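In what follows, a single structure is set out as structure tokens and then discussed.
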RNA sequence: GCGGGUAUAGUGUAGUGGUUAUCACAGGGGCUUCCCAAGCCCUUAACUCGGGUUCAAAUCCCGGUACCCGCACCA
């Protein structure tokens, strides 16, 4: 089993990602995407976009900096702030809400004052050392932006979703009032995690892709749910099952067709990105772990280093956000369709790209019998589709190879070039960064304009005409060439 | 945040008070008409940061920062 350290070491050594600001000692919870990681991330985002485009999604881009009023309405200002207490003797810190519930309080208060009352009336003790807790304070998980304005407070957004919610009316016009309407956004979000860990898994600044799907509440059904492959589902009411999405919906395991459709679409998106479906499951939230805006939620979880990590959350947000924005802004956000006036309901698939990328690396990584490391990335996501290699540097072979490299890049391919070291060493280098094809220019090329094309996973080679490689812009980006080389005799 | 541990080239490491700071891999240059990290020659590159003790600190002490393991947290 591939360990976390192995992936982190490879990521740093080969230039996928590394800790930010390490020159100055580093900053906890922040990572840089290095040259290869930034290509890989773009490719994963591109697959994500194309996948949800299937469901008719349109894409927008809204600010990271968000006024307090929006977050007040969305509930983040209140619910995102934990009320905590610190033990006066051993300095252990507690989230008071859960501690107080354990002590038999069924409706914990929502204010600092409320908790102070409880601490005064009840004897709540530090579970570590037994000292009585007395003080309560607020710990906000959002980053406050300091600015010169006295008139309103600004925060960095804790999710990209609100940028879509607050634009609902404008978007609905753009979408010509049709439902369901899917609007998506990719961007950075920020959460002031108490203890960020595990590399890209829990960062303070992270890459999100959220799709808000707005439904007419009287026609919440998604028009078509595909039969689908069997997948692992973990409902909150019973044991894990293997079921196709259509059957899971028909049998009521997944309650509404919008959720069902997007669970399936998300599974396909992850598979295209390189997540192994045997190490993917969908788990339904228990009632007590639902977010404040959510009434039902299925998480896509990916197995990494023997731990299930949430990479996408598909949440039923109902009309919570729009209703709250209507209430707090005073603007009417309802729409009228066929004479009916309503506030739409929302299903939201929310992806964490940094986590998906980490899972993709985990699942792609393997070692050959000779100990060489390989990233078996899908052709669609590999940072480079191909590498052009001159067999020798002399006799004009380098020049010929450079020329081919430029031509391939001109055909919109992500192709690199390497003439340093022995040919075997260069193949191994490309294997380790997941490049699916190596194109070698040799003496025969000088005579007949053919090259060898080596496929990463089989290490097989075929000879092809340069003209054929240049015929289609996407020749390296699908599995056709891969299967062709693998099935060859050489 | 708490408790414990750790911090030396790009990576993995040796180094218990005085070393030109060890070794391997990786990297760069060269030789070999060279197709799977071969070989040979040359070469770049490090003591986490700030204080202190000492004639002398990578080494001992204090603090910061970061990482790892547990606990807590993860809306």
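In the numbering used here, the protein residues as written are 851 to 1340.
All residues carry an ideal CB built from backbone N, CA and C; glycine is no exception.
It should be emphasised that the depicted structure is a prediction, and the values quoted were computed from it without experimental measurement.
Just to confirm before moving on: does the CB-CB distance between residue i and residue j stay below 8 Å?
{"i": "residue 1115", "j": "residue 904", "result": "yes"}
{"i": "residue 909", "j": "residue 1035", "result": "yes"}
{"i": "residue 916", "j": "residue 1005", "result": "yes"}
{"i": "residue 1108", "j": "residue 1072", "result": "yes"}
{"i": "residue 890", "j": "residue 1231", "result": "yes"}
{"i": "residue 865", "j": "residue 1032", "result": "no"}
{"i": "residue 1090", "j": "residue 1103", "result": "no"}
{"i": "residue 1082", "j": "residue 1131", "result": "yes"}
{"i": "residue 1183", "j": "residue 1176", "result": "yes"}
{"i": "residue 1308", "j": "residue 1280", "result": "no"}
{"i": "residue 1239", "j": "residue 1312", "result": "no"}
{"i": "residue 1287", "j": "residue 1334", "result": "no"}
{"i": "residue 1120", "j": "residue 1150", "result": "yes"}
{"i": "residue 1267", "j": "residue 1229", "result": "no"}
{"i": "residue 1145", "j": "residue 923", "result": "no"}
{"i": "residue 1085", "j": "residue 1134", "result": "yes"}
{"i": "residue 1164", "j": "residue 1254", "result": "no"}
Taking the alpha carbon of residue i as the point to measure from, which residue in the options has its own alpha carbon closest?
{"i": "residue 1205", "options": "872, 895, 863", "result": "895"}
{"i": "residue 1052", "options": "1268, 1161, 934, 1254", "result": "1161"}
{"i": "residue 914", "options": "1234, 1007, 1264, 1258", "result": "1007"}
{"i": "residue 1192", "options": "1070, 862, 1047, 907", "result": "1070"}
{"i": "residue 1259", "options": "1234, 1329, 1127", "result": "1234"}
{"i": "residue 955", "options": "945, 968, 961", "result": "968"}
{"i": "residue 1213", "options": "1219, 1225, 1220, 996", "result": "1225"}
{"i": "residue 1189", "options": "1211, 1066, 881", "result": "1066"}
{"i": "residue 951", "options": "1228, 1138, 1311", "result": "1138"}
{"i": "residue 1323", "options": "1335, 1261, 1288, 1266", "result": "1261"}
{"i": "residue 988", "options": "1216, 946, 1055", "result": "946"}
{"i": "residue 1283", "options": "1130, 862, 852", "result": "862"}
{"i": "residue 1143", "options": "1305, 1331, 1238, 1197", "result": "1197"}
{"i": "residue 884", "options": "878, 871, 1215", "result": "871"}
{"i": "residue 1278", "options": "991, 1046, 1305", "result": "1305"}
{"i": "residue 1030", "options": "1043, 1194, 1329", "result": "1194"}
{"i": "residue 966", "options": "1256, 1220, 935, 852", "result": "935"}
{"i": "residue 1141", "options": "1166, 1127, 1122", "result": "1166"}
Could you give the residue range of the alpha helix (DSSP H) that holds residue i?
{"i": "residue 1075", "result": "Neither: residue 1075 is in no alpha helix (DSSP H) and is coded neither H nor E."}
{"i": "residue 1095", "result": "1095 to 1100"}
{"i": "residue 1333", "result": "1329 to 1336"}
{"i": "residue 1021", "result": "1018 to 1024"}
{"i": "residue 1052", "result": "Neither: residue 1052 is in no alpha helix (DSSP H) and is coded neither H nor E."}
{"i": "residue 1273", "result": "1273 to 1282"}
{"i": "residue 1295", "result": "1293 to 1298"}
Tell me residue i's beta-bridge partners as DSSP assigns them.
{"i": "residue 1288", "result": "1237, 1304"}
{"i": "residue 1149", "result": "1133, 1163"}
{"i": "residue 1004", "result": "917, 995"}
{"i": "residue 1187", "result": "1190"}
{"i": "residue 945", "result": "934"}
{"i": "residue 1266", "result": "1237"}
{"i": "residue 868", "result": "882"}
{"i": "residue 1035", "result": "910, 1060"}
{"i": "residue 1168", "result": "1196"}
{"i": "residue 1065", "result": "1195"}
{"i": "residue 1176", "result": "In DSSP, residue 1176 forms no bridge with anything."}
{"i": "residue 1092", "result": "1082"}
Any idea what DSSP makes of residue i, helix, strand or coil?
{"i": "residue 1013", "result": "helix"}
{"i": "residue 885", "result": "helix"}
{"i": "residue 933", "result": "strand"}
{"i": "residue 1124", "result": "coil"}
{"i": "residue 856", "result": "helix"}
{"i": "residue 1157", "result": "strand"}
{"i": "residue 1206", "result": "helix"}
{"i": "residue 975", "result": "strand"}
{"i": "residue 900", "result": "helix"}
{"i": "residue 1104", "result": "coil"}
{"i": "residue 1040", "result": "strand"}
{"i": "residue 982", "result": "strand"}
{"i": "residue 1247", "result": "helix"}
{"i": "residue 895", "result": "helix"}
{"i": "residue 1144", "result": "coil"}
{"i": "residue 1256", "result": "helix"}
{"i": "residue 875", "result": "coil"}
Hey, could you find the ends of the beta strand (DSSP E) residue i is sitting in?
{"i": "residue 832", "result": "Within the shown structure, residues of the chain are numbered from 851 to 1340, placing residue 832 beyond reach of any answer."}
{"i": "residue 1223", "result": "1223 to 1225"}
{"i": "residue 1314", "result": "1311 to 1315"}
{"i": "residue 1197", "result": "1195 to 1202"}
{"i": "residue 988", "result": "987 to 990"}
{"i": "residue 1216", "result": "1215 to 1217"}
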